[in-house]
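Residues 2 to 137, numbered by this note's numbering, are exactly what the sequence shown covers, in order. Glycine included, C-beta positions come from ideal geometry on N, C-alpha and C. A short worksheet on the structure shown next.
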Amino acid sequence: MLLNDDFTILEVLIAVAFVYLVSVFIIKRISLKRKEEILNRYSSLRRQSLKLQKTLSQHVLTESTDALIPQGQVSYADFYRQLKSNHVYNLSDKQLSKVKNTNNLLFLSKAERNLQEQEQKLKNAEQLISGTLVLQ
């Protein structure tokens, strides 16, 4: 009788260990796939931000730095500084390395939300200046 109970406990422990290992494997695969998608999106947004910064920089160098953006209340030079600061704070190599070095799903979710925010900010910035500058 005691031997059957011991085998039952052993079978349950093996089943629990198996379920744990399978769930860890599945979660790791999901996080790696999600991280890859986030890194691709991150790279795309970085390129988009740098392109917009280059366009604004060229405009500031060739035109008056005090000229105001027609639809906005800010000068091109100030807008360029804001864009550059936002890039350094949100799309820098430091932020990229944090995403590369983690598999934490909570951190990846936070990074994904941040990227959605950055995507919207860049879209708004492009719309703001699209009427006055040719985006390269």
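Those residues which DSSP pairs with residue i across a bridge
i: L69; result: S76
Distance CB(residue i)-CB(residue j) smaller than 7 angstroms
i: Q119; j: L57; result: no
i: L69; j: S76; result: yes
i: S32; j: L106; result: yes
i: V100; j: Y81; result: no
i: K36; j: L92; result: no
i: Q74; j: L123; result: no
Identity of the residue in the options nearest residue i by Cα
i: K34; options: Q121, S93, Y81 and E113; result: E113
i: L1; options: N87, E64 and R30; result: Since the first residue of the chain shown is 2 and the last is 137, residue 1 is not available in this structure.
i: D94; options: S110, D79 and S44; result: S44
i: T63; options: Q49, A78 and L53; result: A78
i: N102; options: L40, P71 and E127; result: L40
i: N115; options: L97, N104 and E127; result: L97
i: R42; options: S131, F26, Q117 and N125; result: Q117
i: V25; options: K111, L129, Q128 and N104; result: N104
Residue burial classification, residue i (beta-carbon count within 10 angstroms, cutoff 16)
i: Q121; result: exposed
i: K55; result: exposed
i: F19; result: exposed
i: A16; result: exposed
i: I10; result: exposed
i: I28; result: exposed
i: L22; result: exposed
i: L14; result: exposed
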